[in-house]
Amino acid sequence: MSADRPRLLYVTDLAYPARGRRYCDEDIDLTARLRDSFDLALCHPRDAAALMDAFDAVVVRNSGPVLHHQEACDRFRARAAARGTRVYNPLHGRGDMAGKQYLLDLTAAGHPVIPTVDRPEDLGLLPESPLYAVKPKAGADSIGLRFLPYGELAGLPGDGSLLLQPRIDFAYEVSFVFVDDLFQYALHAPDPERRWELVPYEPTPDDLDFARGFIAWNTLRHGIQRVDACRAPDGRLLLVELEDLNPYLSLDRVGEDVRTRFTETLTQSLHAFLEA
Numbered sequence: 215m216s217a218d219r220p221r222l223l224y225v226t227d228l229a230y231p232a233r234g235r236r237y238c239d240e241d242i243d244l245t246a247r248l249r250d251s252f253d254l255a256l257c258h259p260r261d262a263a264a265l266m267d268a269f270d271a272v273v274v275r276n277s278g279p280v281l282h283h284q285e286a287c288d289r290f291r292a293r294a295a296a297r298g299t300r301v302y303n304p305l306h307g308r309g310d311m312a313g314k315q316y317l318l319d320l321t322a323a324g325h326p327v328i329p330t331v332d333r334p335e336d337l338g339l340l341p342e343s344p345l346y347a348v349k350p351k352a353g354a355d356s357i358g359l360r361f362l363p364y365g366e367l368a369g370l371p372g373d374g375s376l377l378l379q380p381r382i383d384f385a386y387e388v389s390f391v392f393v394d395d396l397f398q399y400a401l402h403a404p405d406p407e408r409r410w411e412l413v414p415y416e417p418t419p420d421d422l423d424f425a426r427g428f429i430a431w432n433t434l435r436h437g438i439q440r441v442d443a444c445r446a447p448d449g450r451l452l453l454v455e456l457e458d459l460n461p462y463l464s465l466d467r468v469g470e471d472v473r474t475r476f477t478e479t480l481t482q483s484l485h486a487f488l489e490a
């Protein structure tokens with residue numbers, strides 16, 4: 215690390231057209247806050263591998279779906295591993311960072327997750343449902359998502375490239391944001407049809423136990439993680455996604471006191487990560 219202030223390369227796609235969200239606004243605001251403690255530059259995911267050697271660490275934030283720049287991301291990961299580059303979040307995450315296999319693993323292990331299989335012949339392991347969600351295992355941001363009745367599932371490819379889940383008639387979705395293992399805030403979408411219209415949510419102790427269970431499972435000592443869940447008809451929370459690669463934080467939906475506390479916690483985490 216340099217003798218002066220730590221230098222961070224902040225990876226973001228400011229032009230990514232996210233539905234219902236503005237990645238650029240969040241990253242402009244957050245980097246402005248982080249500049250109080252770090253020397254910082256922003257770059258696109260396609261440029262990260264070429265630029266990262268001049269920095270003490272790379273912070274991957276709102277970089278968009280990996281499949282839009284898969285070759286560049288693979289090159290970045292390989293170069294970072296070869297050079298021992300510090301990447302935040304660290305690249306050994308077990309959630310979305312490693313693909314969607316974790317949904318299958320968690321289902322098989324009996325964790326509270328939307329039941330998931332990846333082969334039509336395993337549909338018997340899922341609860342019966344009028345419709346089933348079908349999405350690419352390598353997808354992101356609902357790309358390729360469709361809903362099919364049971365009778366149309368048998369003709370799907372059996373090569374493990376698709377995820378199959380019962381469509382859950384949930385009451386609402388809720389997201390829990392963590393820095394390291396520290397809970398920061400929660401947001402929920404009261405209307406399932408308007409999932410990006412988020413409002414602050416006050417979690418119960420049981421809600422936090424649910425979310426913390428997945429943070430512990432992921433074993434990332436440092437990093438930003440978002441645990442997305444839905445409230446099932448029986449009242450239970452079920453995991454929808456464990457986002458540990460580049461979770462959008464919806465910081466514009468929380469108060470200034472929460473944004474300030476989040477930035478302070480993130481700053482402390484980054485310093486500890488750099489000093490480890």
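For the sequence shown, the residue numbers in the numbering used here are 215 to 490.
Idealized CB from N, CA, C, for every residue including glycine.
Note that the structure is predicted; figures quoted are calculated from it, not measured.
Residue 391 and residue 398: beta carbons closer than 7 Å?
Start at 1 with the first residue of the sequence shown, and residue 391 comes out as number 177. Start at 1 with the first residue of the sequence shown, and residue 398 comes out as number 184. Taking 7 Å as the Cβ cut-off, residue 391 and residue 398 qualify as a contacting pair.
Three-state secondary structure (DSSP) of residue 260:
The count along the sequence shown starts at 1 and reaches residue 260 at position 46. Residue 260 falls in the helix class under three-state DSSP.
Enumerate in chain order the residues of its own chain whose CB-to-CB distance from residue 311 is below 8 Å, with the five nearest sequence positions on each side excluded.
Taking the first residue of the sequence shown as position 1, residue 311 is located at position 97. Cβ neighbours of residue 311 beyond the five flanking positions: 303, 305, 458 and 459.
Contact check, residue 359 vs residue 351, beta carbons under 7 Å
Mapped onto the sequence shown, residue 359 falls at position 145. Mapped onto the sequence shown, residue 351 falls at position 137. Cβ distance not < 7 Å, so residue 359 and residue 351 don't count as in contact.
Could you name the residues of the same chain whose beta carbon sits closer than 6 Å to that of residue 241, not counting the 5 residues immediately before and after it, in chain order?
The sequence position of residue 241 within the sequence shown is 27, counting from 1. Excluding positions up to five away in sequence, the list reads 226, 275 and 276.
Pairwise C-alpha distance: residue 424 and residue 444:
As a first step, residue 444 is located in the sequence shown; it is residue number 230 there, counting from the start. As a first step, residue 424 is located in the sequence shown; it is residue number 210 there, counting from the start. Separation of residue 444 and residue 424 (C-alpha to C-alpha, rounded to the nearest whole angstrom) is 12 Å.
Less than 7 Å between the beta carbons of residue 362 and residue 386, yes or no?
Against the sequence shown, residue 362 aligns to sequence position 148. Against the sequence shown, residue 386 aligns to sequence position 172. Their beta carbons are not under 7 Å apart, which means residue 362 does not touch residue 386 by this criterion.
Cα-Cα separation, residue 222 to residue 285
Within the sequence shown, residue 222 is the residue found at index 8, counting from 1. Within the sequence shown, residue 285 is the residue found at index 71, counting from 1. Cα-Cα distance, rounded: 23 Å.
Use the C-beta contact count for residue 300: other C-beta atoms within 10 angstroms, 16 or more gives buried, fewer gives exposed.
As a first step, residue 300 must be located in the sequence shown, where it is residue number 86. Only buried fits residue 300, as 16 or more other CB atoms lie within 10 angstroms of its CB.
Considering residue 341, what are the terminal residues of the beta strand (DSSP E) in which it resides?
Numbered from 1 along the sequence shown, position 127 holds the residue referred to as residue 341. Judged by DSSP secondary structure, residue 341 falls outside any beta strand (DSSP E); it is assigned neither H nor E.
Could you pull out every unbroken beta strand (DSSP E) segment of at least 3 residues lying fully inside the region 280 to 329, listed in chain order?
Taking only runs of at least 3 residues, no beta strand (DSSP E) segment lies wholly in the region 280 to 329.
For the beta strand (DSSP E) containing residue 397, list its first residue and its last residue.
Walking along the sequence shown from the start, residue 397 turns up at place 183. Going by DSSP, residue 397 is part of the beta strand (DSSP E) stretching over 396 to 403.
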